[in-house]
Structures are given as structure tokens and as C-alpha cells.
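J.:
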Amino acid sequence: MKIRINGNSVRFRLTRSDVKQLAVTGRLEEKVNFGGALLCYAIKLGSGNELTSSFQNSTIILYMPERMVGELADTDKVGFENRNGELYLLVEKDFTCLDSVSEDQSDNYPNPLAKNFYEEGD
148 MKIRINGNSV RFRLTRSDVK QLAVTGRLEE KVNFGGALLC YAIKLGSGNE
198 LTSSFQNSTI ILYMPERMVG ELADTDKVGF ENRNGELYLL VEKDFTCLDS
248 VSEDQSDNYP NPLAKNFYEE GD
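Note that the sequence shown covers residues 148 to 269 in the working numbering.
#1: Inspect the CB distances between the segment 194–209 and the segment 160–172 and report whether three or more fall short of 8 Å.
#2: By the DSSP assignment, the beta strand (DSSP E) with methionine 211 in it spans what residues?
#3: Please state whether DSSP places threonine 199 in a helix, a strand or coil.
#4: Let me check understanding here. Comparing Cα to Cα, which of Thr162, Gly154, Leu186, Val216 lies closest to aspartate 193?
#5: Could you please give the first and the last residue of the uninterrupted beta strand (DSSP E) stretch that includes valine 225?
#6: State the CB to CB distance for the pair phenylalanine 159 and isoleucine 190, rounded to an integer number of angstroms; the pair is presumed to be in contact (CB under 8 Å).
#7: Please classify aspartate 241: is it buried, with 16 or more other beta-carbons within 10 angstroms of its beta-carbon, or exposed?
#8: Could you tell me if threonine 162 is buried or exposed, where buried requires 16 or more neighbouring beta carbons within 10 angstroms of its beta carbon?
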């Protein structure tokens, strides 16, 4: 699971194993150690109908309705979004990059644009 924070926007990107774990356990969590201070970010099942979030004790939590988790796991749905007050929330499948990158992308979803990209690049 990766997050991207930009202004009042938080975007969560999930690999195939992230989506599977979320569907099975109802929870994902990662930690970043900043030399003794931890930043945690997590996704948990939420009881509402929309994405919501909280930030407490250096932990960002995205609450995701069970229906959305099921759709992400069992369909071609790419992601979900919501504006929670001033904060924009997005959770989406992490696709492989079209450009060459050094990070391991073996667990990412196949990029649906890859076929067109490589055909045009020939």
C-alpha cells in the first residue's frame, strides 16, 4: 500500500495482495519510521456508505465500506473517491507503470493502457 499526499488530497494505492488482505482481514496498515517518530497509515472497514478518514496519534486511517472492498476485490472497478469536508480521499488499484521504473511492480495490477502504449511506441 502506498499513499500520496498533496495539499488536501490523500490517495491510497493498493497492490493485488493489499486488496486480497483487505478483503480477508478488513484491515491494512503500514508504518514509516522517521528516526524515532512513526507515521502510520491504515485502511479499515467503515460502517458508512462513503470513504471517510481520521488522523489521530500520528495515524491516518481511511475507513472504507465493506461493499467497496468487495467491489475492488471482485470486479474491474479501479477505485473509489469522496470529498470529506475539505479533504479529498481516493483509494485505487495500483497499476504497473508504462515507463521503466526501478521499483518492484510484480504485485501491481496490469495497466489497461499498456497494450495501446506499446503498440503506439513501435
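Ideal Cβ positions, reconstructed from N, Cα and C, are used throughout, including at glycine.
T.: Taking the definition as stated:
#1: no
#2: Position 64 of the sequence shown, counting from 1, holds the residue named residue 211. Residues 206–212.
#3: One-based indexing of the sequence shown puts residue 199 at position 52. It is a strand residue.
#4: Counting from one through the sequence shown, the residue named residue 193 turns up at place 46. Position check: residue 193 holds glycine in this sequence, whereas aspartate was assumed. Of the candidates Thr162, Gly154, Leu186, Val216, the one whose C-alpha sits nearest the C-alpha of glycine 193 is Val216.
#5: Taking the sequence shown and counting its residues from 1, one reaches residue 225 at position 78. It is not in any beta strand (DSSP E) - valine 225 carries neither H nor E in the DSSP assignment.
#6: Against the sequence shown, residue 159 aligns to sequence position 12. Against the sequence shown, residue 190 aligns to sequence position 43. Correct: roughly 6 Å between the Cβ atoms.
#7: Along the sequence shown, one-based indexing puts residue 241 at 94. Aspartate 241 comes out buried.
#8: Taking the first residue of the sequence shown as 1, we reach residue 162 at position 15. Per the 10 Å Cβ criterion, buried.
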